[in-house]
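**Q**
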Amino acid sequence: GDSVTQMEGPVTLSEEAFLTINCTYTATGYPSLFWYVQYPGEGLQLLLKATKADDKGSNKGFEATYRKETTSFHLEKGSVQVSDSAVYFCALAHTGRRALTFGSGTRLQVQP
Amino acid sequence: ETGVTQTPRHLVMGMTNKKSLKCEQHLGHNAMYWYKQSAKKPLELMFVYSLEERVENNSVPSRFSPECPNSSHLFLHLHTLQPEDSALYLCASSQEVQGSPPQHFGDGTRLSIL
């Protein structure tokens, strides 16, 4: 079956540091890939998505590129802020199917 | 305003109680979902409703009973729960279109079973 693997957290960075959160997946075919973010006390919000190989999703300074050859969708940001502290979830979904398969989440803590 | 509202935000109940979680979406979507989020585990999809019909039930114990009276409302009826059912329960909605539409989540109900 499908699965998503994320690096374990917490990831602790200083403000303005470069961020990478690794995500790899196992799935048949060509799923769509997503990053969701969960701020404390809130539900998940869609951060960005990519629907085919080599697509780059971007939003709020975050980027991730759909790499079919390495089955990866790593999240990056050039300069993190304290307000980026949250839990980040990588997820996949197959075209025509409603269910999302989530990774276990990576907690990011940004210190001033 | 997330567009998906869940009530209550917090619920504490005994194992013999009966309670219900409520979800309402204001986005005009026609698919709704219940997820369970436990500590240090991936989100688990529990139920999916599309056009008010249950289309997925992922081996959820019968002590959880979903209800979708219309496309804007989704309930999760709870009875005789176990301590391991303590978790954050998230509701989500999406619009049924081709491809894989993103899901919009509520802020969740934090459930604690005594």
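Residue numbers (our numbering), protein chains in the order written: chain G, 1 to 112; chain F, 1 to 114.
C-beta: ideal position from N, C-alpha, C; glycine also.
1. Kindly indicate if chain F contains any beta-carbon less than 8 angstroms away from that of E1/G.
2. Report all residues from its chain with a CB closer than 6 angstroms to the CB of Y49/F; omit the five preceding and five following residues, and keep chain order.
3. State yes or no: is the C-beta of G106/F within less than 8 angstroms of the C-beta of G43/G?
4. Under 8 angstroms, Cβ to Cβ, is there at least one residue of chain G near R107/F?
5. Among P61/F, L76/F and E53/F, which one has its Cα closest to the Cα of C23/F?
6. Using a Cβ-Cβ cutoff of 8 angstroms, what residues of the stretch 42-55 of chain G are near chain F? List them in chain order.
7. Taking the alpha-carbon of N57/F as reference, which of W34/F, M13/F and P42/F has the nearest alpha-carbon?
8. Just how far apart, CA to CA, sit M15/F and S38/F?
9. Within the 8 angstroms Cβ cut-off, does R98/G reach chain F?
10. Counting pairs of beta carbons, one from the stretch 3-18 of chain G and one from the stretch 71-84 of chain G, are three or more of them closer than 8 angstroms?
11. Verify the CB distance criterion: does L27/F have a CB-CB separation below 8 angstroms to chain G?
12. For a minimum of 3 consecutive residues, which ranges assigned as the beta strand (DSSP E) are wholly contained in the stretch 25-82 of chain G?
**A** According to the structure data:
1. Against the first sequence, residue 1/G aligns to sequence position 1. The residue you asked about is not Glu; residue 1/G is Gly in the sequence shown. The Cβ of G1/G sits no closer than 8 angstroms to any Cβ of chain F.
2. What you label residue 49/F is simply residue 49 of the second sequence in a count that begins at 1. Cβ neighbours of Y49/F beyond the five flanking positions: M32 and C68.
3. Walking along the second sequence from the start, residue 106/F turns up at place 106. Walking along the first sequence from the start, residue 43/G turns up at place 43. Closer than 8 angstroms, so yes.
4. As a working note, residue 107/F is residue 107 in the second sequence. Note that residue 107/F is Asp in the sequence shown, not Arg. Answer yes: the Cβ-Cβ gap between D107/F and chain G drops below 8 angstroms somewhere.
5. Taking the second sequence and counting its residues from 1, the one referred to as residue 23/F is at position 23. Ranking P61/F, L76/F and E53/F by Cα distance to C23/F puts L76/F first.
6. E42, G43, L44, Q45, L46, K49 and T51
7. The residue given as residue 57/F occupies position 57 in the second sequence. Taking only the C-alpha atoms, the option nearest N57/F is W34/F.
8. Within the second sequence, the letter at position 15 stands for residue 15/F. Within the second sequence, the letter at position 38 stands for residue 38/F. So the two alpha carbons sit approximately 18 angstroms from each other.
9. Numbered from 1 along the first sequence, position 98 holds the residue referred to as residue 98/G. Closer than 8 angstroms to some Cβ of chain F, the Cβ of R98/G qualifies, so yes.
10. Judged by Cβ distances under 8 angstroms, the stretch 3-18 of chain G makes contact with the stretch 71-84 of chain G, as three or more pairs qualify.
11. Position 27 of the second sequence, counted from the first residue, corresponds to residue 27/F. Interface criterion not met: the Cβ of L27/F is under 8 angstroms from no Cβ in chain G.
12. 32-38, 44-50, 56-59, 62-65 and 75-77
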